[in-house]
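Since the structure comes first, as structure tokens, the remarks are kept for the end.
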Amino acid sequence: MNNKNNIVLINLKDYLNNHLKNDEYKNKQVKQNVRNNAKKVREIFLKNLLNEERNISFDINEQNHTGNYKHDIKNEKNLFGYKDYLYTKLIRQLYLFLSLMGVNKRIINEDNLDEKIGNTYQENYKNNFNFNFNFNFNFNKMYKYTYNYKKMENLDVIKLLKKYNINKFDENLQFYSYNFSNKNSEKFERDYNKTNFNICIYLPTKKEIDILFIIDILYDYFYFNLYIPITTKENKLIFFPFCFKNNIIIKHHFNIFVPYLYIYKNTYMEQKSIKFNLNSLNIITDQIFDLKFQDNKTIFFIPLIAYNKYGCRVGSGKGYYDRTFISLYKRAKINDEKKNKSIDQISETKNVKDNKNNETEKNKIVDHVKVSVSFEAFLYDVDFNEPTDIILDYIINEKNIYKFLF
Numbered sequence: 009m010n011n012k013n014n015i016v017l018i019n020l021k022d023y024l025n026n027h028l029k030n031d032e033y034k035n036k037q038v039k040q041n042v043r044n045n046a047k048k049v050r051e052i053f054l055k056n057l058l059n060e061e062r063n064i065s066f067d068i069n070e071q072n073h074t075g076n077y078k079h080d081i082k083n084e085k086n087l088f089g090y091k092d093y094l095y096t097k098l099i100r101q102l103y104l105f106l107s108l109m110g111v112n113k114r115i116i117n118e119d120n121l122d123e124k125i126g127n128t129y130q131e132n133y134k135n136n137f138n139f140n141f142n143f144n145f146n147f148n149k150m151y152k153y154t155y156n157y158k159k160m161e162n163l164d165v166i167k168l169l170k171k172y173n174i175n176k177f178d179e180n181l182q183f184y185s186y187n188f189s190n191k192n193s194e195k196f197e198r199d200y201n202k203t204n205f206n207i208c209i210y211l212p213t214k215k216e217i218d219i220l221f222i223i224d225i226l227y228d229y230f231y232f233n234l235y236i237p238i239t240t241k242e243n244k245l246i247f248f249p250f251c252f253k254n255n256i257i258i259k260h261h262f263n264i265f266v267p268y269l270y271i272y273k274n275t276y277m278e279q280k281s282i283k284f285n286l287n288s289l290n291i292i293t294d295q296i297f298d299l300k301f302q303d304n305k306t307i308f309f310i311p312l313i314a315y316n317k318y319g320c321r322v323g324s325g326k327g328y329y330d331r332t333f334i335s336l337y338k339r340a341k342i343n344d345e346k347k348n349k350s351i352d353q354i355s356e357t358k359n360v361k362d363n364k365n366n367e368t369e370k371n372k373i374v375d376h377v378k379v380s381v382s383f384e385a386f387l388y389d390v391d392f393n394e395p396t397d398i399i400l401d402y403i404i405n406e407k408n409i410y411k412f413l414f
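For the sequence shown, our numbering assigns the number 9 to the initial residue and increments by one for each residue that follows.
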């Protein structure tokens, strides 16, 4: 384990080699025990601790920050609770993470932006991780957490759906909308020339980390396209485009929010269950109304109940993400084998230059990372990995960014 500032590098090579010898049934039981325990912790943590108002003296130079800049909340200290403090920390962590990933940034002229702090971060990460990027973010700012799902009245539903030329809907459905934080229309201007990442997030319940609240804040600073997971009848996940500005959602399977545009396309636009065109990561490539697909690098934010320092997560137990990614990797492996066979056959009749190009194509892999965001309270020093589990590339909490090396 190598810890540089708040990025913790963990090498999993030995663990993964030894893991093959583990007792699958034992780990299955351990995982269920962790899941049950984490649910109890979650009830206490979310209902009690997170709602406790605390007088916070926020220090920019605590464990996971550098520099000698301290910001004490004075007049504001009674306005923020512990929940606000933790979400502020996660927002800062995710800003750093997206910067490290190379997500293109918007030009921001934010009030009270402390350039000295930004320069300190930039120099520190440049020296330690060979990344060179500019910070344009106020690390002193505190964020007030709000649960932004709002029920919609039918008149508002009609008005919003008209923007998509939709004139009919089931009035018995309860519609919701995510009330985004910044109503400035410039925030939602799409620039496909500047957008270099697709980000797949989940629409959280009240019991999950509100990744949408965090991403909403960060949408002010970065260019990216958003996608939301949809559970198909085949119990697989596909990823449907999501728009902050004109979003309208309803509760679907397991009371999980999904975009109404998906329901509409399946209910009114098609006689049979619609089959979308998907890329190699199950992201829908069809143009959905005015939402266009762009073939970019992809970040998946995957929900969890608990996690450990082996890159393993405990989910709800339904296995959607594990099955989906394992299926994608198997499909990619089969396609690679077919492609390699074809390339090898072609290379026998081509010159050396062509062979070099073929080798480049042969070694090409899908460019994506799998990330989970949580609080430190749900970190377990227990090995509960099973052969059917996916290993995350990153886990981010309020204190550290764990990067797993394979």
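Note that CB positions come from ideal geometry on N, CA and C, so glycine has one too.
Beta-carbon separation (whole angstroms), residue i vs residue j, contact threshold 8 Å
i, j, result
"THR293", "ASN285", "5 Å"
"VAL322", "VAL42", "5 Å"
"LEU336", "LEU299", "Incorrect: roughly 22 Å between the Cβ atoms, too far for contact."
"PHE247", "ILE236", "7 Å"
"PHE333", "ILE398", "5 Å"
"ILE207", "ILE307", "5 Å"
"ILE15", "ILE403", "Their Cβ separation, rounded to whole angstroms, is 12 Å, which puts ILE15 and ILE403 out of contact at 8 Å."
"ILE257", "PRO249", "Not a contact, Cβ separation roughly 13 Å."
"ASP98", "VAL381", "Just to set this straight, residue 98 is Leu in the shown sequence, not Asp. So it is a contact: roughly 6 Å between Cβ atoms."
"PHE221", "TYR153", "7 Å"
"PHE414", "LEU20", "6 Å"
"LYS244", "ARG339", "The pair is not a contact, with the Cβ atoms about 11 Å apart (cut-off 8 Å)."
Per DSSP, the bridge partner or partners of residue i
i, result
"SER107", "Paired residue(s): none; SER107 is not in a bridge."
"LYS214", "Its beta-bridge partners do not exist; DSSP assigns none."
"SER380", "ILE403"
"PRO237", "PHE247"
"LEU181", "According to DSSP, which records beta bridges pairwise, LEU181 is partnered with nothing at all."
"GLY319", "Paired residue(s): none; GLY319 is not in a bridge."
"PHE230", "LYS113"
"ILE292", "LEU286"
"PHE265", "LYS259"
"LYS341", "Its beta-bridge partners do not exist; DSSP assigns none."
"LEU387", "TYR315"
"GLY325", "Per DSSP, none; premise fails for GLY325."
For residue i, the first and last residue of its enclosing alpha helix (DSSP H)
i, result
"THR275", "268-275"
"ASN304", "It is not in any alpha helix (DSSP H) - ASN304 carries neither H nor E in the DSSP assignment."
"LEU226", "219-226"
"LEU169", "162-170"
Close beta carbons around residue i, own chain, < 8 Å, minus the five adjacent residues each side
i, result
"ASN120", "Any answer about ASN120 is weak, because its pLDDT of 45 lies below 50 and its placement is not dependable; what the coordinates show is given next. ASN146, ASN148 and LYS149."
"LYS158", "TYR184, SER185, TYR186 and ASN187"
"ARG50", "LYS215, ILE313 and PHE386"
"ASP401", "GLY319, VAL377, LYS378, VAL379, LYS411 and PHE412"
"LYS55", "none"
"HIS261", "THR239"
"LYS171", "ASN254"
"TYR95", "TYR151, TYR153, ASP218, PHE221 and ILE222"
"GLN302", "TYR200, THR203, ASN206 and ASN233"
Same chain only: Cβ atoms within 6 Å of residue i, ignoring 5 sequence neighbours per side
i, result
"PHE309", "ILE209, ILE219 and VAL379"
"ASN112", "LYS202, ASN204 and TYR231"
"TYR388", "VAL42, ALA314 and ASN316"
"LYS372", "Summary for LYS372: the model assigns pLDDT 40, below 50, so the residue's position carries little reliability; its value from the coordinates is reported in the next sentence. Excluding sequence neighbours, LYS372 sits near nothing in its chain."
"HIS73", "At HIS73 the pLDDT is 42, less than 50, meaning the model places this residue with poor confidence and gives no usable figure here."
Own chain, CB closer than 7 Å to residue i, minus 5 neighbours either side, in chain order
i, result
"GLU384", "ASN405, GLU406 and LYS407"
"GLU367", "Only weak support exists for where GLU367 lies, its pLDDT of 33 falling under 50; the value from the coordinates is given anyway. Once the five neighbours on either side are set aside, GLU367 has no close Cβ partner at all."
"GLU394", "GLU32, ASN35, LYS36 and LYS39"
"LYS47", "ILE313"
"TYR229", "TYR103, LYS113, ARG114, ILE116, ASN144 and PHE145"
"ARG100", "PHE147"
"ASN162", "GLU179"
"GLY325", "ARG43"
"TYR423", "Since the displayed the chain opens at 9 and closes at 414, residue 423 lies outside it and no answer follows."
Element boundaries [beta strand (DSSP E), containing residue i]
i, result
"TYR186", "184-186"
"ASN206", "205-208"
"ASN19", "15-19"
"LEU312", "LEU312 -> no beta strand (DSSP E), and no H or E assigned at all."
"TYR410", "409-413"
"ILE258", "257-259"
"TYR155", "Here TYR155 belongs to no beta strand (DSSP E), and DSSP marks it neither H nor E."
CB contact check: residue i to chain B, cutoff 7 Å
i, result
"LEU226", "Of the protein chains in this structure there is only one, and it is not chain B."
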